[in-house]
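Remember, my numbering sits 170 above the position in the sequence shown when you count from 1. The beta-carbon is built from N, C-alpha and C at its ideal position, and this holds for glycine as well. Data block below; observations after.
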Amino acid sequence: MTKTLRQQTVVVTGSAIVGTPEDAALPVDVITAGDLRLEGNPSLTELVQQLGVSSGVDGQSNQFASNGLEGTANVNLRGLGPGRTLVLLNGRRQVFSPRAIGEQAQLFVDTNSLPRAAVGRVEVLKDGA
171 MTKTLRQQTV VVTGSAIVGT PEDAALPVDV ITAGDLRLEG NPSLTELVQQ
221 LGVSSGVDGQ SNQFASNGLE GTANVNLRGL GPGRTLVLLN GRRQVFSPRA
271 IGEQAQLFVD TNSLPRAAVG RVEVLKDGA
């Protein structure tokens, strides 16, 4: 005799309350390729400047000074400094630029070194990990 077993689908959540990613303990903003097209395909630097949690981008060339960081850009979220912002590409940590910012030689990831054409979406963790 052969018994037929029915397999049931099991959904595991962190609590008994079903929620959305926005309600999760660590909310993430996801900017898709479609969102990027609607924004006019901004560079990563321009995109970061538009984020609500952005505290500016160092090293942009302007008519006054760029502190020797011409051609570089970085991410500074929540005012913690660009060296304290983790930048991942395909889930892998990106290395720091060989250049440093300011007198304290703060290291940063040069976001201009990431090919914009390779970026399909951007995820921003709005809180600490």
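So the candidates are the options; which of them puts its Cα closest to the Cα of residue i?
i    : options                   : result
G261 : N211, T215, R291 and G222 : R291
L295 : T179, R263, K173 and L247 : L247
A288 : Q177, V279 and T202       : T202
Going by the beta-carbon positions, is the gap between residue i and residue j smaller than 7 Å?
i    : j    : result
R286 : S213 : yes
T281 : V245 : yes
G253 : L277 : yes
V198 : E293 : yes
L259 : L284 : yes
Taking the alpha helix (DSSP H) that residue i falls in, what are its first and last residues?
i    : result
D205 : A203 to L208
V294 : That residue, V294, is in no alpha helix (DSSP H); its beta strand (DSSP E) goes V292 to L295.
V218 : L214 to Q220
Quick one: what's residue i bridged to in DSSP?
i    : result
R176 : Beta-bridge pairing links R176 to no other residue.
S224 : L247
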